[in-house]
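Worksheet: one structure, shown below.
There are 2 protein chains.
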Amino acid sequence: MKIGEASRLSGCHIETIRYYERVGILSPTARSESGYRCYADHHIQQLRFILHARELGFSLDDIRELLSLKEQPDLSCQAVDSITEKHLHGIRNRIRHLESLARELRRISASCSGGHIAECRILEALGKP
Amino acid sequence: MKIGEASRLSGCHIETIRYYERVGILSPTARSESGYRCYADHHIQQLRFILHARELGFSLDDIRELLSLKEQPDLSCQAVDSITEKHLHGIRNRIRHLESLARELRRISASCSGGHIAECRILEALGKP
DNA sequence: CATAAAGTCTGTAACCGTTACAGAGTCAAG
DNA sequence: CTTGACTCTGTAACGGTTACAGACTTTATG
Numbered sequence: 001m002k003i004g005e006a007s008r009l010s011g012c013h014i015e016t017i018r019y020y021e022r023v024g025i026l027s028p029t030a031r032s033e034s035g036y037r038c039y040a041d042h043h044i045q046q047l048r049f050i051l052h053a054r055e056l057g058f059s060l061d062d063i064r065e066l067l068s069l070k071e072q073p074d075l076s077c078q079a080v081d082s083i084t085e086k087h088l089h090g091i092r093n094r095i096r097h098l099e100s101l102a103r104e105l106r107r108i109s110a111s112c113s114g115g116h117i118a119e120c121r122i123l124e125a126l127g128k129p
Numbered sequence: 130m131k132i133g134e135a136s137r138l139s140g141c142h143i144e145t146i147r148y149y150e151r152v153g154i155l156s157p158t159a160r161s162e163s164g165y166r167c168y169a170d171h172h173i174q175q176l177r178f179i180l181h182a183r184e185l186g187f188s189l190d191d192i193r194e195l196l197s198l199k200e201q202p203d204l205s206c207q208a209v210d211s212i213t214e215k216h217l218h219g220i221r222n223r224i225r226h227l228e229s230l231a232r233e234l235r236r237i238s239a240s241c242s243g244g245h246i247a248e249c250r251i252l253e254a255l256g257k258p
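These protein sequence lines map, in sequence, to chains U and Z.
The numbering used here applies: residue 1 is where the first sequence begins, and numbers increase by one.
The numbering used here applies: residue 130 is where the second sequence begins, and numbers increase by one.
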């Protein structure tokens with residue numbers, strides 16, 4: 001199967017598929033006589049895996065590791081857990097950070113009483129150290 | 130004042146200061162005979178403004194606009210409000226998105242009962258479309 | 001069978017906001 | 001005069017794509 005069909009089946013953009021192969025996330029593909037990439041079912045599965053993991057915010061490095069763990073069925077799944085936990089932790093940190101930004105922004109924003117730029121409390125607040 | 134002192138006073142890295150000037154966020158600087166950039170107080174204030182706005186997650190484009198609004202004291206501060214609101218809105222969206230990722234990750238993660246990779250529910254879940 | 005249209009290839013650059021580095025020049029203190 | 005700290009320019013890297021340009025191949029239509 002060629003890249004267009006792989007793209008339709010996996011949901012990944014064509015350019016992204018080529019990119020994944022280039023950076024070693026996706027297994028190398030065979031090539032047709034004319035140089036076209038040939039995809040097999042396991043490529044589609046990998047692409048779906050990558051897509052879903054990306055949607056969940058995993059980095060390509062994480063995904064690379066998850067895919068390589070997947071190849072070793074006898075290993076304990078502790079490593080998988082740990083990657084997942086670390087990622088979840090990172091997400092929670094980002095949420096906390098964004099929440100504190102939102103609080104600060106609301107505070108600053110609430111101080112505006114709708115006059116002219118000269119008396120704008122928002123700009124004033126942003127200028128403070 | 131030279132860039133080192135501007136950096137110390139503003140809290141921005143030297144490289145970042147030069148970058149801000151290059152992309153037109155920071156006002157152009159005068160140059161000494163030997164080509165060194167010369168900073169005045171208003172540059173320091175701009176840099177502090179930029180730094181604080183960046184810490185609050187505003188994009189450089191937003192900041193460019195905020196700084197240009199700041200130069201027009203007679204305008205209504207509605208434009209400032211609207212940039213702030215839009216940014217706050219974006220942050221809330223990102224929070225919601227991250228929260229849904231976190232929920233999904235917890236769900237997936239909870240399904241793991243600690244066996245081998247072969248039966249790993251996390252990897253299985255990630256492989257599903 | 002010729003041609004047009006769609007698909008694919010490679011290589012390169014753009015996006016954002018920095019940061020880092022190389023190699024050259026400048027300035028102040030000892 | 002030399003050493004060290006500072007600054008300059010230009011370029012490339014980071015992550016994760018996406019978007020080209022220009023060449024080639026395959027498929028569909030006349």
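Using N, Cα and C, we set each Cβ at its ideal position, and we do this for glycine too.
Remember, predicted model here, so these are calculated numbers, not experimental data.
Quickly, what does DSSP pair residue i with across the bridge? List them, please.
i: Ser205 (chain Z); result: U:His116
i: Cys167 (chain Z); result: Z:Ala159
Chain Z beta carbons: is any one of them nearer than 8 Å to that of residue i?
i: Pro154 (chain U); result: Because chain U spans 1 through 129 in this model, residue 154 (chain U) falls outside it and cannot be assessed.
i: His13 (chain U); result: no
i: Ile91 (chain U); result: yes
i: Ile3 (chain U); result: no
i: Leu47 (chain U); result: no
i: Arg134 (chain U); result: As shown, chain U starts at 1 and ends at 129. That puts residue 134 (chain U) outside it, with no answer to give.
i: Thr16 (chain U); result: no
i: Asp41 (chain U); result: no
i: Arg106 (chain U); result: yes
i: Lys128 (chain U); result: yes
i: Ala110 (chain U); result: no
i: Glu85 (chain U); result: yes
i: Glu99 (chain U); result: yes
i: Ser76 (chain U); result: yes
Look at the Cβ atom of residue i, then the Cβ atom of residue j, and state whether they are nearer than 8 Å.
i: Arg87 (chain U); j: Leu234 (chain Z); result: With the sequence shown as reference, residue 87 (chain U) is identified as His, and Arg is not the correct amino acid for it. For His87 (chain U) and Leu234 (chain Z), yes; Cβs fall inside 8 Å.
i: Ile224 (chain Z); j: Glu55 (chain U); result: no
i: Arg22 (chain U); j: Thr29 (chain U); result: no
i: Gly256 (chain Z); j: Phe58 (chain U); result: no
i: Ile212 (chain Z); j: Ile154 (chain Z); result: no
i: His43 (chain U); j: Ser27 (chain U); result: yes
i: Ser111 (chain U); j: Ala102 (chain U); result: no
i: Ile122 (chain U); j: Ser109 (chain U); result: yes
i: Arg12 (chain U); j: Leu60 (chain U); result: With the sequence shown as reference, residue 12 (chain U) is identified as Cys, and Arg is not the correct amino acid for it. Taking 8 Å as the Cβ cut-off, Cys12 (chain U) and Leu60 (chain U) do not qualify as a contacting pair.
Report yes or no: is there a C-beta of chain U within less than 8 Å of the C-beta of residue i?
i: Ser197 (chain Z); result: no
i: Cys167 (chain Z); result: no
i: Ser211 (chain Z); result: no
i: Gly243 (chain Z); result: yes
i: Ile251 (chain Z); result: yes
i: Ile246 (chain Z); result: yes
i: Ala135 (chain Z); result: no
Contact residues within the region 180 to 194 of chain Z, judged by C-beta distance below 7 Å to chain U: His181, Ala182, Leu185, Gly186
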